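Engineer: Residue numbers (the working numbering): 1273 to 1373. Beta carbons: idealized from backbone N, C-alpha and C, even for Gly. On a predicted model such as this, the values are computed, not experimentally measured, just so you know.
1) Sorted by chain position, which residues of the same chain lie with C-beta nearer than 6 Å to residue 1305's C-beta, five sequence neighbours on each side aside?
2) Counting along the chain, where does the beta strand (DSSP E) carrying residue 1352 start and finish?
3) Since residue 1319 and residue 1356 are thought to touch, with beta carbons under 8 Å apart, how far apart are those beta carbons, to the nearest angstrom?
4) Smallest Cα separation from residue 1302: which of 1322, 1364, 1342 and 1372?
5) Do residue 1282 and residue 1324 have their C-beta atoms within less than 7 Å of each other?
6) Determine whether the beta carbon atoms of residue 1335 and residue 1279 lie at a separation below 7 Å.
7) Should residue 1319 be listed as close to the ligand ATP, given that the test is whether its C-beta is under 6 Å from any heavy atom?
8) Identify, in the order they occur along the chain, each residue of the same chain with its Cβ nearer than 7 Å to the Cβ of residue 1347, setting aside the five sequence neighbours on each side.
9) Here's the rule: buried if 16 or more other CB atoms are within 10 angstroms of the residue's CB, otherwise exposed. What is residue 1314?
10) State yes or no: is the C-beta of residue 1343 within less than 7 Å of the C-beta of residue 1366?
Shown next as structure tokens:
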């Protein structure tokens, strides 16, 4: 059972963190982004402009943290899902998925 409740006001906090440079990428995320030809700028754009897909959120018991799913389109209309978690003061990009592949 999750020890922590979900983060309130996720999208505004996420957008603010991206603008402040408080965004980190896991090794896994960077590897998947390279495999899927997804740029950091595309991920940042989706995180600032996408929508929260709450039904895809998942609690990671190994790390005792919530993973949040953000869906959106890039400037070039590429559909992405970006999974993030929050560790004060940063958001951590866990993975990025091209929904059209």
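Structural biologist: In short, the structure shows the following:
1) Contacts found: 1368.
2) Residues 1351-1359.
3) With a contact defined as Cβ atoms closer than 8 Å, residue 1319 and residue 1356 qualify at about 7 Å.
4) Residue 1364 is the option with its Cα nearest to residue 1302.
5) When the beta-carbon positions are compared, residue 1282 and residue 1324 come within less than 7 Å of each other.
6) Against a cut-off of 7 Å, the Cβ pair of residue 1279 and residue 1335 comes out as no contact.
7) Summarising the ligand content, the structure contains no ligands, and the ligand ATP is consequently not present.
8) Within the same chain, residue 1347 has close Cβ partners 1317.
9) Buried.
10) In this structure, residue 1366 does not lie closer than 7 Å to residue 1343 by Cβ.
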